[in-house]
């Protein structure tokens, strides 16, 4: 996601309608990724730009991303689909990638309490340093060793940068848009 992005409002509404077949959509106006990345259950915030679509919905916050509703994967046929979800209170992170044909390529879900919840497919290149122990969690106040070789939310930010071209915290990829500048349209799903 680099360069000037122009929101296609008609395509955005059509995408949200495909994700919620038969549901009544009520427009909520404009927002951005920073404020709407984690919407309530009956809302979706989305944007279709040239070559990329963003959808923020609670429907992808699954412990096992491979169980995500197939409607989500099929909503943009012929395109690679990435999903990511995280919860900072429990240090949980999950992501998955499907090929343009809808085949699951990679799914990972990790948290310190549950360890590796799901690990399907080969790790993507950006994961390598994390699994190799190059990003250890060091906490001088803790006697116990951290149960994973990395902090899930640190991997999450790296994954967002590699998969989506932006991140919430940390070092953004070169040329990454500011998430406050990524305009979304909001919809109440009824």
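In this note's numbering, the protein residues as written are 7 to 196. For every residue, glycine included, the Cβ atom is placed at its ideal position computed from N, Cα and C.
Sequence-distant residues of its chain with Cβ nearer than 7 Å to residue i (five each side left out)
{"i": "residue 75", "result": "65"}
{"i": "residue 99", "result": "92, 116, 158, 159, 161, 162"}
{"i": "residue 185", "result": "38, 39, 40, 172, 174"}
{"i": "residue 15", "result": "191"}
Buried versus exposed, by CB contacts within 10 Å (16 or more), residue i
{"i": "residue 138", "result": "exposed"}
{"i": "residue 132", "result": "exposed"}
{"i": "residue 167", "result": "buried"}
{"i": "residue 177", "result": "exposed"}
{"i": "residue 97", "result": "buried"}
{"i": "residue 95", "result": "exposed"}
{"i": "residue 267", "result": "With the chain represented from 7 up to 196, any question about residue 267 goes unanswered, as that position is not in the structure."}
Close-in-space but distant-in-sequence residues of the same chain around residue i (CB under 8 Å, 5 per side omitted)
{"i": "residue 7", "result": "Caution applies to residue 7, whose pLDDT of 48 falls short of 50 and renders its modelled position unreliable; the value that the coordinates give is listed next. Closer than 8 Å at Cβ, skipping near neighbours: 55, 58, 170, 171, 172, 182, 183, 188."}
{"i": "residue 35", "result": "191, 192"}
{"i": "residue 141", "result": "135, 155, 156, 157, 160, 161"}
{"i": "residue 48", "result": "194, 195, 196"}
Sequence-distant residues of the same chain with beta carbon closer than 6 Å to residue i, five excluded per side
{"i": "residue 103", "result": "88, 111, 112"}
{"i": "residue 63", "result": "50"}
{"i": "residue 105", "result": "111"}
{"i": "residue 79", "result": "87, 104, 108"}
Through-space distance from residue j to residue i, alpha-carbon basis
{"i": "residue 121", "j": "residue 69", "result": "11 Å"}
{"i": "residue 17", "j": "residue 160", "result": "33 Å"}
{"i": "residue 153", "j": "residue 118", "result": "6 Å"}
{"i": "residue 85", "j": "residue 24", "result": "15 Å"}
{"i": "residue 144", "j": "residue 165", "result": "21 Å"}
{"i": "residue 29", "j": "residue 22", "result": "10 Å"}
{"i": "residue 13", "j": "residue 129", "result": "32 Å"}
{"i": "residue 20", "j": "residue 123", "result": "34 Å"}
{"i": "residue 71", "j": "residue 125", "result": "10 Å"}
Where residue i sits in the DSSP three-state scheme
{"i": "residue 64", "result": "helix"}
{"i": "residue 94", "result": "coil"}
{"i": "residue 168", "result": "helix"}
{"i": "residue 38", "result": "strand"}
{"i": "residue 105", "result": "coil"}
{"i": "residue 110", "result": "strand"}
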